[in-house]
Amino acid sequence: MTMQEPGNARAARRPLVGECFGLRGSAALDEVFRLQYDQLVRFSRIRIGNASDAEDLVQEAFLSVRRAYPDKGIGELRPLLFTTLRNLTLDYLRSGYAKRARKSDEFSALGDVLACPHSPTPEKQIIDIQSLAIVQNALARLEPRKRDALLLSRLDRLTHKEIAARLSVCPRTVRTDITEAMAAITRSLMRSSDTNQPT
34 MTMQEPGNAR
44 AARRPLVGEC
54 FGLRGSAALD
64 EVFRLQYDQL
74 VRFSRIRIGN
84 ASDAEDLVQE
94 AFLSVRRAYP
104 DKGIGELRPL
114 LFTTLRNLTL
124 DYLRSGYAKR
134 ARKSDEFSAL
144 GDVLACPHSP
154 TPEKQIIDIQ
164 SLAIVQNALA
174 RLEPRKRDAL
184 LLSRLDRLTH
194 KEIAARLSVC
204 PRTVRTDITE
214 AMAAITRSLM
224 RSSDTNQPT
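Shown next as structure tokens:
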């Protein structure tokens, strides 16, 4: 009786913790993903304060490391992933995306008000109609890709990944396009409210 496992039985089971460090390349990265994904998401979320964007950044880090280091082992991949993710979160914070996202949240709140008025007065109905016209004009002035990304997100309720697949761009581009589109609409609404203020 031998101590060796049959070749196919060894391949069928998941590697033990000590054996994981012998993995290289794609198998090593898959194992790091399984073991470290939650920790990497927490690491990113603490820094940027947004759970869904943290997940996007972690996925982007894994893709970057997979492309740049196809033959590394687990021991080398873990620090590379944390360094790559740290750099991506710093880029995210420097880009001003977080600030634009807060402004777009204000627009989203306004969209909820426009979509579901509660017992509107005639004056409120007029204001809502005017606001809707401003939003439609702002949408018409947007670049087509940004307008499509916003409408697919808000009307069709597609995820950033689904929109990215439809528009043939990466999810980060979709996120930026939606934020910029909503910021443009918010600016149009703010300009309109400024001109309608009594002097």
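Note that my numbering has the sequence shown beginning at 34, numbered continuously upward.
Glycine included, C-beta positions come from ideal geometry on N, C-alpha and C.
(request) Return the residue from the list ILE81, PRO112, ARG80, SER221 that minimises the CA-CA distance to PHE95. (result) Walking along the sequence shown from the start, residue 95 turns up at place 62. Taking PHE95 as reference, the option from ILE81, PRO112, ARG80, SER221 with the minimal CA-CA separation is PRO112.
(message) Rounding to the nearest angstrom, what Cα-Cα distance links ALA182 and LEU114 in this structure?
(response) As a working note, residue 182 is residue 149 in the sequence shown. As a working note, residue 114 is residue 81 in the sequence shown. Using only the alpha carbons, I get a separation of about 29 Å.
(request) Report the residue from GLY108, GLN158, ALA84 whose alpha carbon sits nearest the alpha carbon of LEU68. (result) Here residue 68 refers to the residue found at position 35 of the sequence shown. Measuring from the Cα of LEU68, the nearest candidate turns out to be GLY108.
(request) To the nearest angstrom, report how far apart THR212 and ARG205 are at their CA atoms. (result) What you label residue 212 is simply residue 179 of the sequence shown in a count that begins at 1. What you label residue 205 is simply residue 172 of the sequence shown in a count that begins at 1. Each residue's Cα considered, the two are about 11 Å apart.
(message) So within the segment 152-221, which uninterrupted alpha helix (DSSP H) runs reach at least 4 residues, ignoring any that extend past its ends?
(response) For the segment 152-221, whole alpha helix (DSSP H) runs of length 4 or above, ordered along the chain, are 155-174, 177-187, 193-200.
(message) Give me the residue from ASP63, ALA214, GLN163, GLY106 with the minimum Cα distance to GLN92.
(response) Position 59 of the sequence shown, counting from 1, holds the residue named residue 92. It is ASP63 whose Cα lies nearest to the Cα of GLN92.
(request) Give the secondary structure of SER225 by DSSP, where H, G and I count as helix, E and B as strand, and everything else as coil. (result) The residue given as residue 225 occupies position 192 in the sequence shown. In the structure shown, SER225 adopts helical secondary structure according to DSSP, grouped into three states.
(request) Please state if the CB of ALA87 and the CB of ARG99 are separated by a distance shorter than 7 Å. (result) Position 66 of the sequence shown, counted from the first residue, corresponds to residue 99. Position 54 of the sequence shown, counted from the first residue, corresponds to residue 87. Inclusion of ARG99 and ALA87 in the CB contact set at 7 Å is not warranted, their separation being larger than that value.
(message) Going by DSSP in three states, ASN120 sits in which element: helix, strand or coil?
(response) Counting from one through the sequence shown, the residue named residue 120 turns up at place 87. Residue state for ASN120 is assigned as helix, using DSSP reduced to three classes.
(message) With a threshold of 6 Å on Cβ separation, who are the neighbours of ARG119 within its own chain once the five nearest residues in sequence on each side are excluded?
(response) Locating residue 119 in the sequence shown gives position 86, counting from the first residue. Scanning its chain for C-beta atoms nearer than 6 Å, with the 5 sequence neighbours on each side dropped, one finds no residue around ARG119.
(request) Helix, strand or coil for SER128, going by three-state DSSP, please let me know. (result) Reading the sequence shown from its first residue, position 95 is the one you call residue 128. Here DSSP, grouped into helix, strand and coil, assigns SER128 to coil.
(request) Can you give me the Cβ contacts of THR117 inside the same chain, cut-off strictly under 7 Å, excluding the 5 residues immediately before and after it? (result) Walking along the sequence shown from the start, residue 117 turns up at place 84. So the qualifying residues of the chain are ALA94, SER97, VAL98.
(request) Would you mind giving the Cβ-Cβ distance between SER221 and ILE160, rounded to the nearest angstrom? I have them listed as a contact below 8 Å. (result) Residue numbering aside, residue 221 sits at position 188 when the sequence shown is read from its first letter. Residue numbering aside, residue 160 sits at position 127 when the sequence shown is read from its first letter. Contact flag wrong, Cβ pair sits at about 15 Å.
(request) Tell me whether LEU121 is buried or exposed, calling it buried when 16 or more other Cβ atoms sit within 10 Å of its Cβ. (result) Residue mapping note: residue 121 aligns to position 88 of the sequence shown, counting from 1. Taking a 10 Å sphere around the C-beta of LEU121, we find 16 or more other C-beta atoms and assign the residue as buried.
(request) Rank SER201, SER128, ARG208 by C-alpha distance to the C-alpha of HIS193 and give the top, closest one. (result) Here residue 193 refers to the residue found at position 160 when the sequence shown is read from its first residue. The shortest Cα separation from HIS193 among SER201, SER128, ARG208 belongs to ARG208.
(request) Return the residue from the list VAL65, GLN72, ASP124 that minimises the CA-CA distance to ASP105. (result) For the purposes of this step, residue 105 is taken as residue 72 along the sequence shown, with counting starting at 1. Going by the sequence as given, residue 105 is Lys instead of Asp. If we check each option's Cα against that of LYS105, VAL65 comes out closest.
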